[in-house]
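To start, the structure itself, in structure tokens.
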Amino acid sequence: MTAIGEHVRTDTGWEVVDTAPTAERGITVGSNFMVGNGYLGYRGTRPDQRAEDFVACVVSDTYDMADGVWRELCTVPNALYVGIALDGAALEFDASQPSEVEYTLATAEVTQRWRASTTAGESASVSVRRFASLDDLHAIVQQVTVIPDRDGVAVDFDTTIDIDVWSLNGDHLAAIERHGHGAVRCVTGEDGTEIWVARRDEMSVDDAVATIVSAMGVASSNDDLDGVSPEQRAETATHAAIADGYRAALGASAGHWEEFWARADVQIDGDIAAQAALRFSILHNRIATPAHSDRLPIGARGLSCQAYQGAAFWDQEMFNLLAFLHTQPEIARNILMYRWRTLDGARRKARRLGFDGAYFAWISGTTGDELCPDFFFTDVLTGRPIRNHFNVWQMHVSPDVARAVWRYWEATNDLDFLADHGAEITFEVARFLRSFVKHNEVRDRYEVIRLLGPDEWHENVDNNAYTNHLSRLALGHALEIDDLLATHRPAARMALHERLGVTADERSAWRRIHDELYVPTADPNTGLIEAFDGFYALEDTRPAAVRERLIDPAEYWGWPNGVAPRCAHGSSLSHSVHASVAARLGELDHAYLSQAAEYFFDTATIDLLATQHAAVGGTFIGGIHTAATAGAYGVAVYGFGGVEVEHGVLRIDPRLPSDWQRLAFRLMVWSQQLSVIVEPTVVTVTADGANTAPTPLTLAADGRRDIDPGATATAPLRGGAS
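Quick note: the sequence shown, position 218, residue 398 per the numbering used here, numbers continuous.
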């Protein structure tokens, strides 16, 4: 048994166990031990709990606005509620007794174990097993087992569908109608989306052990149901899920998880806590992703709750997508197809703010229109609402999307996608950037001013280094893709130019701005890149000094030394970026690898150890941090694994933290499968025998080579052992 943190352990690296699933940790435990499949997410609460305990089933593609501010996914009635009684008296959770909840990562099954008692003095052991099916996305299956301590005690189950729904921002279900005991019809208030929730139960008693297997089915009128009604689909899901028993249903779902892990697993030898935390992260990134659809976003909190509205941020392309790029590129394609399908919303935002092209929403739902409200923070001193500018200044989201299109192309050579979808995205982003940048007549250069970079602590800045760099990349990608189409798909290029009205003059403008755009570079004396104009003119101070200035304890204050000590890490995206950079710097100084390992662990345990605030400025932001879950994979593969694809060549230049003996993962590049094993002094790459072509490869310090199907290549690690 290995501790991951307080209350959290692993035994083999394939499970995570929390030994304190108490009421005061309900938000954390409910999020961490949710089950999901990308269509729905069911929080990791006990079956006898209700709305006040943050029980929720969040369903994709059910956006609704109830309070006039937040358009978010709906939570639906709970069809897995099970009240338990012994001899007619309610059986209650006994907080004084040991309890635990376990995530079996290989099969995505959650198991809860606890002791319970009644006011009449009877007691029992209770266990619950639960999973969201990957075999039928509309089904969740649960098994509750009760073992009374005394023989002859009658066990009764209450199996109602609980219609008391926990919802963050208003009542989204304008109508909730019971249809017999086993079905509920819900209708959303804004656009009348119909959601059906069904349940079916099978009970048994064997040698005084009482068991109830329950299936919850969910379907909505927004689903692609091939002519079947949501009512029929939900009820069919419940019948099929338990027709052959819990074990059979779990086996059917587990088969899909076996296929997933064969492609997505990353193995770490030498640090079992890091191993378990990484697999926990990979699992959560998968269940947050609507892999079944190419028209839905990945929510910043996935389907763990309604925080961040179940909508896409820039995280989706710059973090989540990268975890699928070389494991399941078809999912990466779906993510980009979502952006293509929502281009009109991005165009509407651009026009509304006075720009051309596509200005992607900071918070994007099904249409691509901006979901981020102007006001949602509250001044802790005055109580007045504070105007946020995320929705008008954080424009790097558009070049982020264009960059993701290019990375997908480099990883897949999917020319059909470029011709049919990707080119249009990048052209519209280039068009937006042309209208957004300003020409500095004094310095004779283009600049990006009045913006918010990824550092949301500094608003209304000029020439944010990240934003300017990504903007230049995006312009370059648009030009390169245009050249690719001119060579390989001239007819498609001509048709696209005509449809969008792209002219030779406009293309020349993209080239001019690309060449003349100011991109901050490293200071020759310090090696540091200034985050934005004037950053180093800001005051350097100490936490104690800042603390003395606080007027209200709820005010924000950060830790102020290069870059890392000046970073508050208040964002869940932060640690993974620092970890990846430190891992790359490990070639120069092995001390960086230790720092990278620490940042990696911080990333992979953000949710397990609850290191982030659940509320900021009066706004609830709890739940699973999906960008961090994907970021943990990114650090392992792109950081420590040193994986990079550029100009048609795969580069693998890894380095390991001192505690790790081995890092192993699979890659898919240009439809070719590779296995990578990194050890302290050597890296080994094996091409699958079924590959159809050699793979161009640069391995560690060695030069370029082609690795044939079935062949193995090895090279010493650059810099030697850590």
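All C-beta atoms in this analysis are idealised placements derived from N, C-alpha and C, irrespective of residue type, glycine included.
| For Y772, does the three-state DSSP call read helix, strand or coil? | helix
| task | Indicate whether Y626 and E696 have their beta-carbon atoms separated by less than 8 Å. | result | yes
| request: Return the Cβ separation of A468 and G482 in integer angstroms, given the expectation that the two are a contact with Cβ distance under 8 Å. | output: 3 Å
| How many Å lie between D342 and D635 at the Cα? | 42 Å
| Hey, out of L788, G814, Y716 and A873, whose CA is closest to H758's CA? | G814
| said: I'd like to know if the segment 333-353 and the segment 240-256 are in contact, where contact means that at least 3 CB-CB pairs between them fall below 8 Å. | reply: yes
| said: I'd like the span of the alpha helix (DSSP H) that includes L664, first residue to last. | reply: A645 to H668
| DSSP state of H619, grouped into three classes? | strand
| said: Can you tell me whether W437 is buried or exposed? The criterion is at least 16 other CB atoms within 10 Å of its CB, across all chains shown. | reply: buried
| said: If I follow the unbroken alpha helix (DSSP H) through T806, where does it start and stop? | reply: T806 to G814
| query | Closest by CA to R513, which one among T806, Y222, D600 and E411? | reply | D600
| The alpha helix (DSSP H) spanning D524 covers which residue range? | L523 to R532
| query | Straight-line CA distance for A895 to E204? | reply | 51 Å
| DSSP three-state call for E604: helix, strand or coil? | helix
| Among F493, E497 and D888, which residue has its Cα nearest to the Cα of V865? | D888
| said: Across the segment 470-490 and the segment 414-427, are there enough close Cβ pairs to call them in contact, namely three or more that are closer than 8 Å? | reply: no
| DSSP puts W294 in a beta bridge; with which residues? | V306
| query | What number of angstroms, rounded off, separates the C-alpha of W173 from the C-alpha of D228? | reply | No information on residue 173 is available, as it lies outside the stretch 181 to 902 that the chain covers here.
| request: Could you round the C-beta distance between T875 and A867 to whole angstroms and report it? I think they count as a contact, below 8 Å. | output: 6 Å
| For V622, is the beta carbon positioned less than 7 Å from some heavy atom of the ligand ATP? | You won't find the ligand ATP in this model; it holds no ligand whatsoever.
| Buried or exposed by the 16-neighbour rule on C-beta atoms within 10 Å, applied to Y716 | exposed
| query | With distances taken between CB atoms, is the gap from F712 to N643 smaller than 8 Å? | reply | yes
| message | Is M214 close to chain B? Criterion is C-beta to C-beta, closer than 8 Å. | response | Checking the listed chains, one finds no chain B in this structure; it contains a single protein chain.
| request: Would you mind listing the alpha helix (DSSP H) stretches within the segment 531-576 that are 4+ residues and don't spill past its ends, in chain order? | output: 570-573
| message | Using the Cβ count rule (16 or more neighbours within 10 Å means buried), how would you classify L708? | response | exposed
| In whole angstroms, what separates the C-alpha of G397 from that of A312? | 10 Å
| query | Taking the C-alpha atoms as reference points, what is the distance between E282 and G224? | reply | 10 Å
| request: Could you tell me if E590 is buried or exposed, where buried requires 16 or more neighbouring beta carbons within 10 angstroms of its beta carbon? | output: buried
| query | What is the rounded straight-line gap between the Cα of Y261 and the Cα of H318? | reply | 17 Å
| query | With a CB to CB cut of under 7 Å and the five nearest residues on each side skipped, what residues in its chain are close to S401? | reply | T373, E374 and P410
| What first and last residue would you give for the alpha helix (DSSP H) that runs through D685? | A684 to E696
| said: Quick check: what's the CA-CA separation for V682 versus F616? | reply: 17 Å
| Is it true that the CB of F540 sits closer than 8 Å to the CB of V581? | yes
| Backbone secondary structure at P896 - three-state DSSP | strand
| field | Expected contact under 8 Å - CB spacing of A456 and T190 to nearest Å | value | 4 Å
| Opposing strand residues paired with T875 [DSSP bridges] | I887
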